[in-house]
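**Student:** The structure that follows is given in the form of structure tokens.
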Amino acid sequence: MKKTVKMPNLYSERLLLRKLKRSDYKDAFAYFSNPNVPVFLLWDAHPDIKYTKRYLRYVVSKYKTGEYTDWAVVLKSSGKVIGTCGYTSIDLNNFKAEIGYVLNEKYWNMGYATEAVKTVVAYSFETLKFKRLDARVMEGNLNSVKLLEKCGFKYEGTGVSELFVKGEFKNIMHFALTNEKEDT
0 MKKTVKMPNL YSERLLLRKL KRSDYKDAFA YFSNPNVPVF LLWDAHPDIK
50 YTKRYLRYVV SKYKTGEYTD WAVVLKSSGK VIGTCGYTSI DLNNFKAEIG
100 YVLNEKYWNM GYATEAVKTV VAYSFETLKF KRLDARVMEG NLNSVKLLEK
150 CGFKYEGTGV SELFVKGEFK NIMHFALTNE KEDT
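The sequence shown runs 0 to 183 under numbering that gives the first Met the number 0.
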């Protein structure tokens with residue numbers, strides 16, 4: 000049987016991190032459909048709300064098998080879903096994961112992504128006892144670099160022409176954060 004991680008609700012000062020629901024489609028479409036959001040990501044903007052609904056059906060089915068590990072980033076004040084944050088890959092044998100995040104453009108530069116990442120980092124190290132978290136950033140995504148640095152991630156190097164994305168090769172910057180408390 001495949002080992003998976005639990006996805007409990009996580010809380011921070013302004014945010015609730017919970018599993019996405021099919022009923023989140025309107026909020027999710029607001030950022031999935033914005034062409035400015037995936038500029039530095041592997042996917043394209045959703046063409047219509049039906050696409051987002053199908054995607055959320057897929058996500059909900061993958062939660063059941065433990066194959067999807069992103070939390071919805073929800074504003075406590077309004078209940079609005081403004082993005083996702085979670086693991087793009089998990090390696091339980093080596094006590095590590097890769098973290099990823101995306102936010103509705105209306106909520107950029109307000110500290111929400113940093114707050115969400117710090118919440119997932121705390122859960123990763125304190126509850127799951129991970130030793131390391133990795134993050135990959137497409138070269139040129141300065142806001143993501145700043146976010147990771149605020150969260151304590153260190154730059155480890157750049158993979159030149161590492162990924163072929165949207166018709167061209169992209170350089171990928173590698174960052175990591177280790178759980179030094181677990182060294183004892």
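Cβ atoms here follow ideal geometry from the backbone N, Cα and C, with glycine treated the same way.
Every value quoted in this text rests on a predicted model; they were computed, and no experiment measured them.
Is it buried or exposed for W70, if we count other Cβ within 10 angstroms and need 16 for buried?
**Tutor:** Classification for W70: buried.
**Student:** Going by DSSP, name the residue or residues bridged to V120.
**Tutor:** Paired residue(s): none; V120 is not in a bridge.
**Student:** Have a look at the DSSP bridge pairing and note the partners of F168.
**Tutor:** Note: F168 sits in a beta bridge opposite F163.
**Student:** By Cβ distance, which residues of its chain are closer than 6 Å to D182, with the 5 residues on each side in sequence left out?
**Tutor:** With a pLDDT of only 49 at D182, under 50, the local geometry of the prediction cannot be trusted, and the value read off the model is given with reservation. Answer for D182: no residue qualifies.
**Student:** Under 8 Å: do the stretch 91 to 100 and the stretch 20 to 27 share three or more Cβ pairs, one atom per stretch?
**Tutor:** Verdict: no, contact absent.
**Student:** Going along the chain, which unbroken runs of the beta strand (DSSP E) with 3 or more residues stay wholly within the stretch 24 to 106?
**Tutor:** With a minimum length of 3 residues, the continuous beta strand (DSSP E) runs that stay inside the stretch 24 to 106 are 68 to 74, 80 to 90, 95 to 102.
**Student:** Report the CB separation of V4 from T64 in whole angstroms; it is logged as a contact under 8 Å.
**Tutor:** Not really, about 13 Å apart at Cβ, beyond 8 Å.
**Student:** Under 9 Å between the Cβ atoms of G158 and N170?
**Tutor:** A contact, by the Cβ cut-off of 9 Å.
**Student:** Classify F124: buried if its beta carbon has 16 or more other beta carbons within 10 angstroms, exposed otherwise.
**Tutor:** Under this definition F124 is a buried residue.
**Student:** Who pairs with K153 in a beta bridge, going by DSSP?
**Tutor:** K153 pairs with A175.
**Student:** Could you give the C-beta distance for K153 and F168, rounded to a whole number, given that I count them as a contact under 8 Å?
**Tutor:** In fact, because the Cβ distance is near 25 Å, the residues do not count as touching under 8 Å.
**Student:** What is the DSSP secondary structure of K128, counted as helix, strand or coil?
**Tutor:** Correct three-state label for K128: coil.
**Student:** My understanding is that F39 touches M137, with C-beta atoms under 8 Å, so please give their C-beta distance in whole angstroms.
**Tutor:** That belief holds up - the Cβ atoms of F39 and M137 are roughly 4 Å apart, short of 8 Å.
**Student:** In three-state terms, what does DSSP make of V144?
**Tutor:** The answer is helix: DSSP assigns V144 an H, G or I state.
**Student:** Given this structure, state the Cα-to-Cα distance separating D133 from L176, to the nearest angstrom.
**Tutor:** Approximately 7 Å between the Cα atoms of the pair.
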